[in-house]
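Note that our numbering has the sequence shown beginning at 1, numbered continuously upward. In this text, a Cβ means the ideal position worked out from N, Cα and C, and glycines have one as well. Everything numeric in this text was worked out from a predicted model, so none of it was measured.
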Amino acid sequence: MQRLGSSIARQRWTLRRFGVSPAMLLRRIADPGAPRVLCVSLPKAGTHLLERAICLHPKLYRKILPTVSPANIDRWGGFDGLLARLRPGQVVVSHLHFQAPYVEELTRHGVRSIFLLRDPRAIVVSQSHYVVERSDHRLHEAFVGLTEPERLRLAITGDPRIDMPSIGDRLASFSGWLDSGALAVRFEDLVGPAGGGDAATQAATVSAIYGHLGLAEDDDLLRSVCERLFSSSSPTFRKGSIEGWRRSFDPTSEALLREVVGDRAVPYGYDLGERC
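In structure tokens, the structure reads:
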């Protein structure tokens, strides 16, 4: 029965997030002035938490597209073509590396952007679990036969033979978004008490997101969004805890991460010298 309830909740959220529930269909017709939104994050940074925070606002819904990445963006005519297809109220979720021309194209199309950050240690732990659980993932075979410490090491160092960059290189390829005019949002600030965060910080973060998008919000809306934000209805939900990475790291893996990342976590504001 619990599994059935979870399945129903997931199906309801799918209808809601893509704007095809009855209530959302009416709002889509009634709000031609709603913002167009681009969400950017590193893979496994908590992408669907940010999407949920945005799409729980009654004026916004996700465009029916897969997560956009460098591997598939040409399907929509590149970045410019992707933005040109966005309608008012639509949200695109992406893992796009930063490129300087993107800033001008976002401005020209009137699209507002949000960049999600997360502790690099949490990213690599989440990746090492996710790839093993997904038999359809292109890196599944590279991870599935390894021990847990070996998986974590691979997530940190990457491997050019399987076209997998290190966590340091991944941070570098996204860091330009920090100075792009996008609103930078920390996963740790957004997750709230259910994920080990703080309720007041979560509410302030959701309010900042809506403010950046030019959306009206009030105390009742913020309360409703925050109460529903942390959810296993996400298609890639695992645990969502901000401290969960500590169970997977030891001094050896900590040292390896610091060596691989170097100073590339500094712009993100994370102290990798903090002991687990």
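- Under the three-state reduction of DSSP output, ASP80 falls in the helix class.
- Between ALA172 and GLY262, the alpha-carbon positions lie close to 11 Å from each other.
- Nearest C-alpha to LEU65 among TYR130, GLY46, LEU152 and HIS95: HIS95.
- Selection GLY195, ASP220 and ALA204 evaluated against TRP245 yields GLY195 as nearest (Cα-Cα).
- In its chain, beyond the 5 residues on either side, GLY176 have a beta carbon closer than 8 Å to the beta carbon of ALA100.
- A straight-line Cα-Cα distance of about 13 Å links LEU82 and GLY110.
- Counting of Cβ neighbours within 10 angstroms places ILE162 among the exposed residues, the total staying below 16.
- With a threshold of 16 other beta carbon atoms within 10 Å, ARG62 meets it and is buried.
- Nearest in C-alpha terms to ALA208, of all of PRO193, ARG186 and GLY197, is ARG186.
- ILE123: member of the alpha helix (DSSP H) spanning 120-133, first to last residue.
- The closest CA to that of PHE79, considering only HIS57, GLU104 and HIS212, is found on GLU104.
- When the five nearest sequence neighbours on each side are left out, the beta carbons in the same chain lying within less than 7 Å of the beta carbon of ALA182 are those of VAL40, SER113, ILE114 and PHE115, in order along the chain.
- The shortest C-alpha to C-alpha distance from VAL132 to any of ARG121, PRO120, LEU154 and LEU117 is the one to LEU154.
- Assigned with DSSP and collapsed to three states, LEU86 falls in coil, not helix or strand.
- For the options LEU56, ASN72 and ARG108, the alpha carbon positioned closest to that of ALA84 is the one of ARG108.
- If you draw a straight line from the Cα of LEU56 to the Cα of ALA122, it is about 25 Å long.
- The DSSP-derived three-state label of TYR61 is strand.
- Looking at the DSSP output, CYS39 shares a beta bridge with VAL93 and ILE114.
- About 30 Å separates the beta carbons of GLY192 and VAL260, which is beyond the 8 Å limit, so they are not a contact pair.
- Collapsing the DSSP output to three states places LEU56 in coil.
- Between ILE242 and GLY197, the beta carbon gap of about 6 Å places them in contact (Cβ cut-off 8 Å).
- Following the DSSP letters along the chain, one finds ARG186 inside the beta strand (DSSP E) bounded by residues 183-186.
- Note on the region 148-219: whole beta strand (DSSP E) runs with a minimum of 3 residues are 183-186, in chain order.
- A straight line joining the alpha-carbon of ASP136 with that of PRO43 spans about 16 Å.
- The straight-line gap separating the alpha-carbon atoms of PRO88 and ALA216 is approximately 15 Å.
- Rounded to whole angstroms, ASP250 and PRO120 show a C-alpha spacing of 15 Å.
- For GLY158, the CB contacts under 6 Å within the same chain, skipping 5 residues up- and downstream, are MET164, PRO165 and SER166 in chain order.
- By DSSP's assignment, VAL68 forms a beta bridge with SER94.
- Between LEU60 and ALA34, the beta carbon gap of about 7 Å places them in contact (Cβ cut-off 8 Å).
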